[in-house]
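**Student:** Once you've had a glance at the structure underneath, I'll fire off some questions.
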Amino acid sequence: MAASPHPQVRLDDLPMELIDKIVISLETQSICALHAISRSVKAKCLYAYSAKCFGVLKFCLYPFSLQALTDISNHPDFTKHVHTVAFNTDDFGLIDQLHGE
Numbered sequence: 007m008a009a010s011p012h013p014q015v016r017l018d019d020l021p022m023e024l025i026d027k028i029v030i031s032l033e034t035q036s037i038c039a040l041h042a043i044s045r046s047v048k049a050k051c052l053y054a055y056s057a058k059c060f061g062v063l064k065f066c067l068y069p070f071s072l073q074a075l076t077d078i079s080n081h082p083d084f085t086k087h088v089h090t091v092a093f094n095t096d097d098f099g100l101i102d103q104l105h106g107e
């Protein structure tokens with residue numbers, strides 16, 4: 007079998023700068039799928055993902071939401087990109103047990 011005239015390029019081999027440009031154009035769900043490809047790709051996606059998804063954070067005053075704030079604030083890569091944190095104090099009448107009563 008003859009070798010292909012075109013070299014095979016793997017996503018893992020792409021430079022971080024190109025991965026950043028790809029991540030910026032994706033929706034969050036697609037970024038999560040991209041993370042699942044390999045540890046190398048996940049590491050290369052981290053900066054752009056953090057910048058895109060953690061610049062502005064919005065929380066409710068419920069335990070589940072506040073735990074998410076705590077988890078994000080303890081993550082060394084995510085916290086670098088946070089520039090705005092907002093809290094919604096409106097009561098939406100949530101009945102979900104995860105949010106308390």
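Residue numbers for the sequence shown follow the numbering used here, so the first one is 7 and each next one is one higher.
No residue lacks a Cβ here, since even glycine has one placed at the ideal position from N, Cα and C.
1. Mind checking which residues open and close the alpha helix (DSSP H) that includes Ala54?
2. Could you give the DSSP three-state label for Val29: helix, strand or coil?
3. Nearest-angstrom Cα distance between Thr95 and Ser71?
4. Does the separation of the CB atoms of Leu17 and Ile43 fall below 7 Å?
5. So, Val29 versus Tyr55, is the Cβ gap smaller than 7 Å?
6. Indicate the three-state DSSP secondary structure (helix, strand or coil) for Ala92 in the structure shown.
7. Does DSSP put Leu63 in a helix, in a strand, or in coil?
8. Using the C-alpha atoms, what's the distance from Phe93 back to Cys66?
**Tutor:** Let me spell this out:
1. Arg45 to Cys59
2. helix
3. 12 Å
4. yes
5. yes
6. strand
7. strand
8. 6 Å
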